[in-house]
Amino acid sequence: MIIDFTASGGAVREFKRGFTSDWSYLRDLLQAFGYEVKIDKSFYIVRKIGEKGRPKRLTRTAAIKAIDEVLVAHGHQPFMITKHEFLEARP
Numbered sequence: 019m020i021i022d023f024t025a026s027g028g029a030v031r032e033f034k035r036g037f038t039s040d041w042s043y044l045r046d047l048l049q050a051f052g053y054e055v056k057i058d059k060s061f062y063i064v065r066k067i068g069e070k071g072r073p074k075r076l077t078r079t080a081a082i083k084a085i086d087e088v089l090v091a092h093g094h095q096p097f098m099i100t101k102h103e104f105l106e107a108r109p
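Quick note, this note's numbering runs 18 ahead of the 1-based positions in the sequence shown.
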């Protein structure tokens, strides 16, 4: 399966050592990129630090997608990847 996948143009994603989906790690990583990540009851908030207005509350899936957009914009691999999303993250 792996040989077929790579032969058809697919590439195995690689994450840097120590990269994790742990919430506190992501919070600190995105803070370094200028974003704040919070949990509000059963929702998530992902927004630029200092952004005005009421923050949009996101579901877990929407929050991961927002986090992935920030990661890709800063040269990191996204957690979720589909056939049509994040083409710039593919080799």
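Don't be surprised by glycine CBs; every beta carbon is placed ideally from N, CA and C.
### Task
Could you name the residues that DSSP lists as bridge partners for F61?
Against the sequence shown, residue 61 aligns to sequence position 43. According to DSSP, which records beta bridges pairwise, F61 is partnered with D58.
### Identity of the residue in G93, D58 and G68 nearest G52 by Cα
Along the sequence shown, read from residue 1 onward, the residue named residue 52 stands at position 34. Closest option to G52, Cα to Cα, is G68.
*F61 versus K70, A50 and T79, residue with shortest Cα-Cα distance*: Residue numbering aside, residue 61 sits at position 43 when the sequence shown is read from its first letter. The residue with the shortest Cα to Cα distance from F61 is T79.
request  = May I have the straight-line CA-CA distance separating I57 from Q49, to the nearest angstrom?
outcome  = For the purposes of this step, residue 57 is identified with residue 39 of the sequence shown, where counting begins at 1. For the purposes of this step, residue 49 is identified with residue 31 of the sequence shown, where counting begins at 1. Looking at the two C-alpha atoms, the distance is approximately 14 Å.
Would the beta-carbon of I63 fall within 8 Å of that of R75?
-> Along the sequence shown, one-based indexing puts residue 63 at 45. Along the sequence shown, one-based indexing puts residue 75 at 57. When the beta-carbon positions are compared, I63 and R75 come within less than 8 Å of each other.
Span separating the alpha-carbon of G71 from that of V90: In the sequence shown, counting from the first residue as 1, residue 71 sits at position 53. In the sequence shown, counting from the first residue as 1, residue 90 sits at position 72. G71 and V90: Cα-Cα distance of roughly 25 Å.
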